[in-house]
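Input: a single structure, listed below in C-alpha cells.
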Amino acid sequence: MEKLIAELRRLYLPDPQHPSTAALEDHLHGSTTLTVDLAGEAGTARAMALDFPRAADDRHWLLLCDVANALQQDLTLPAPAVSVNGADRFTLWLSFSPAQPLAQLRRFRTLLQQAYCPDLGAAPDATEVALPPCRHQASGLWAAFINPAMGAALADDLGLELPPPVSAQAAFLQGLDSISAEQFAQALQQLELQAAGPAAEPAPPTAQMRQPAPAGVLLGEATLEQIVAELHRRQIEPTLRHVIGR
-18 MEKLIAELRR
-8 LYLPDPQHPS
2 TAALEDHLHG
12 STTLTVDLAG
22 EAGTARAMAL
32 DFPRAADDRH
42 WLLLCDVANA
52 LQQDLTLPAP
62 AVSVNGADRF
72 TLWLSFSPAQ
82 PLAQLRRFRT
92 LLQQAYCPDL
102 GAAPDATEVA
112 LPPCRHQASG
122 LWAAFINPAM
132 GAALADDLGL
142 ELPPPVSAQA
152 AFLQGLDSIS
162 AEQFAQALQQ
172 LELQAAGPAA
182 EPAPPTAQMR
192 QPAPAGVLLG
202 EATLEQIVAE
212 LHRRQIEPTL
222 RHVIGR
C-alpha cells in the first residue's frame, strides 16, 4: 500500500501531505471513496484526467487508443496511465512536473480533443476526481488502473468485482513519467499550429490499431501472446482472476 500511495503522490496529487496517508488507505481499501481535487491552491495542476464514456461498438476504446497513440507518437509525450472508473468509462491520466496553469491545461485538452476526438463532446472544467483504485459508490464495482495492452479485452468490463491487487496497481504506475514543462510547451504549440492549419484526414482507427506499435504505445487489438509478453516485460504475472465480466 505504501508503494502505491507514493506513486499516486509522485504522479497526480498536488499536495504531498493531502489527502493524508490514513485517508488514502481507507480510500484504496474501499472503506470510503474520496473526491480528490487535482488543482492546487495556486491555480495549477499536476494531473489531467481525460474521460472516454462507454459508446457503441467499443468506440470509447478506439478513441482512447487514438488519443493515447497521438500523445506518444505525434506529440512525443510520455505514456499516460489508463483506468476503468468502475461504471461507464475509460480514463487517460496525464501527469505534469512541474504543475501547469489550469488555463493552459484546459486549452491543451480542448485542442487535443479537436484534433483527435472531436465527436467526444465537451469535457467539464471540474478538477475533482475519484482517483483509482477505489470503489465506485453507485455501482459498487472497483475503479482501477489497467495494463493498456489489455484494454480492448476490458472494453465491456469497465469495473472490477473485486479490489485489484495493490502490487499490480503500483507496478502499472511506477514505469510512468511526468510531462516536463518543455515537453508540455512544445506539445501545446504543436496543437495550436494544427488547429490553425487545414484539418488532416485521420486514418480509420482500426487501421491505426493494426500498424506495428512502438514500445509503450497502446495495443488496440493485442493477441493473447502479445498481452502475456507485455505483462512479462513489466514483470507482472498475467491473471484475470480479479476481473469478472458483467
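At position 60 of the sequence shown the residue is numbered 41 (our numbering), and the sequence of numbers has no breaks. All residues carry an ideal CB built from backbone N, CA and C; glycine is no exception.
{"Item": "Extract the residue ranges of the alpha helix (DSSP H) inside the region 94 to 167, only unbroken runs of 4 or more that lie entirely within it.", "Value": "147 to 155"}
{"Item": "Based on the DSSP output, what are the partners of Gln81 in its beta bridges?", "Value": "Ala26"}
{"Item": "Look at the alpha carbon of His10 and the alpha carbon of Asn50, and state the distance between them as a whole number of angstroms.", "Value": "32 Å"}
{"Item": "To the nearest angstrom, how far is the alpha carbon of Leu172 from that of Leu93?", "Value": "7 Å"}
{"Item": "Given a cut-off of 7 Å, decide if Phe126 and Arg70 are closer than it, judged by their beta-carbon atoms.", "Value": "no"}
{"Item": "If you measure between the beta carbons of Ala68 and His117, is that distance less than 7 Å?", "Value": "yes"}
{"Item": "Near Cys115, which residues of its chain fall below 6 Å by C-beta distance, leaving aside the five closest residues on each side in sequence?", "Value": "His8, Thr14, Ala124"}
{"Item": "In terms of alpha-carbon separation, which member of Leu5, His41, Pro(-5), Glu6 lies closest to Leu19?", "Value": "Pro(-5)"}
{"Item": "In three-state terms, what does DSSP make of Leu56?", "Value": "coil"}
{"Item": "Counting Cβ pairs closer than 8 Å, one from the region 33 to 47 and one from the region -13 to 4, do we hit at least three?", "Value": "no"}
{"Item": "Given Ala96, which residues of its chain have a CB within under 8 Å of its CB, disregarding the five upstream and five downstream residues?", "Value": "Ala51, Leu172, Gln175, Ala176"}
{"Item": "Opposite Ala20 in the DSSP bridges: which residues?", "Value": "Ala26"}
{"Item": "Going straight from the alpha carbon of Asp158 to that of Val65, what length do you get?", "Value": "20 Å"}
{"Item": "With distances taken from CA atoms, which of Gln170, Gln167, Ile160, Gln54 is nearest Ala26?", "Value": "Ile160"}
{"Item": "Taking the alpha-carbon positions, what's the Gln85 to Ala36 distance?", "Value": "28 Å"}
{"Item": "May I have the straight-line CA-CA distance separating Leu169 from Phe89, to the nearest angstrom?", "Value": "6 Å"}
{"Item": "What are the residues that DSSP puts in a beta bridge with Ala62?", "Value": "Trp74"}
{"Item": "Around the C-beta of Leu143, are 16 or more other C-beta atoms found within 10 angstroms, so that it is buried, or is it exposed?", "Value": "exposed"}
{"Item": "What's the gap between the Cα of Ala4 and the Cα of Ala62?", "Value": "23 Å"}
{"Item": "Who pairs with Phe33 in a beta bridge, going by DSSP?", "Value": "Phe71"}
{"Item": "Which residue wins for smallest C-alpha separation from Leu31, given the options Val48, Leu(-11), Ile(-14)?", "Value": "Val48"}
{"Item": "Please state whether the Cβ-Cβ distance between Val17 and Val110 is less than 7 Å.", "Value": "yes"}
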